[in-house]
Amino acid sequence: MPDFKIYKFSRVLAAPFILITIYCIYMLFTDRPDQATWIIAPIVTLTFIYLFQPQIDYWWLKNHPVNLDEEVVKILERTNPVYSRLNEDEKRRFETRLLLYVEAREYIAKGTEDKGVPFDIKYALSQLPITMTFKERDFKLDKFDRIVLYKHPFPSPRFQFLHT
Numbered sequence: 049m050p051d052f053k054i055y056k057f058s059r060v061l062a063a064p065f066i067l068i069t070i071y072c073i074y075m076l077f078t079d080r081p082d083q084a085t086w087i088i089a090p091i092v093t094l095t096f097i098y099l100f101q102p103q104i105d106y107w108w109l110k111n112h113p114v115n116l117d118e119e120v121v122k123i124l125e126r127t128n129p130v131y132s133r134l135n136e137d138e139k140r141r142f143e144t145r146l147l148l149y150v151e152a153r154e155y156i157a158k159g160t161e162d163k164g165v166p167f168d169i170k171y172a173l174s175q176l177p178i179t180m181t182f183k184e185r186d187f188k189l190d191k192f193d194r195i196v197l198y199k200h201p202f203p204s205p206r207f208q209f210l211h212t
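Following the numbering used here from start to finish, the sequence shown increments by one per residue and tops out at 212.
Set out below in structure tokens:
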């Protein structure tokens, strides 16, 4: 039997409420329109699940960590000498922290058009903060919620000229 882990718990949590909403809509348009008020509860619940999706998923991954993709582990072995020297328990802890760090960040690619950042780039960039804070209890670096990657030189408030 394959090792099945849930990555986005908020979607699993929302599924029964989506089904209840569909059933309420069906009842609304068929023979019992007086039951329409029952649609409010699942809609409100789905709204809260949508609003708190990142927190729900982070909590779930913190308590039920999933394994990193094999490609990411190979990248870590090849590019991070600190990770390569860790024992198995420490590697598992490093991988869990890396997963939580990536999950807690928003990665934005800026260029001619905004695109999503590939997962291997996210993990390659995130391994450095995890390596730096590996011995510390708090590893999240909360002041860095968004990581923006520019494909071109850009000005910033500190440096008014174009730089990379």
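Yeah, the Cβ is synthetic: ideal placement off N, Cα and C, and Gly gets one too.
Computed from a predicted model, the values in this text were never measured in an experiment.
Integer-rounded CB distance, given that residue j should sit under 8 Å from residue i
i	j	result
Val150	Ala157	Not confirmed; about 15 Å, so no contact.
Lys139	Tyr131	7 Å
Tyr106	Leu148	7 Å
Endpoints, beta strand (DSSP E) assigned at residue i
i	result
Tyr198	194-198
Val154	Per the sequence shown, the amino acid found at residue 154 is Glu instead of Val. Element bounds for Glu154: 154-158.
Limits of the alpha helix (DSSP H) - the one that residue i falls within
i	result
Arg59	57-77
Ile169	167-180
Asn111	101-111
Assigned exposure category for residue i - 16 Cβ within 10 Å defines buried
i	result
Pro90	buried
Pro50	Per-residue confidence for Pro50 stands at a pLDDT of 49, beneath the threshold of 50, marking its modelled position as unreliable; the derived number appears in the next sentence. When all chains shown are included, Pro50 counts as exposed.
Gln103	exposed
Glu143	buried
Arg153	buried
Gln175	buried
Ser58	buried
Leu124	buried
Leu67	exposed
7 Å Cβ cutoff met for residue i and residue j
i	j	result
Tyr171	Val120	yes
Leu146	Ile178	yes
Leu47	Ala62	Because the chain in this structure spans residues 49 to 212, residue 47 falls outside the shown range and cannot be described.
Lys53	Val114	yes
| Length at least 4, wholly inside the segment 125-155: the alpha helix (DSSP H) runs in chain order | Note on the segment 125-155: whole alpha helix (DSSP H) runs with a minimum of 4 residues are 129-133, 136-151, in chain order.
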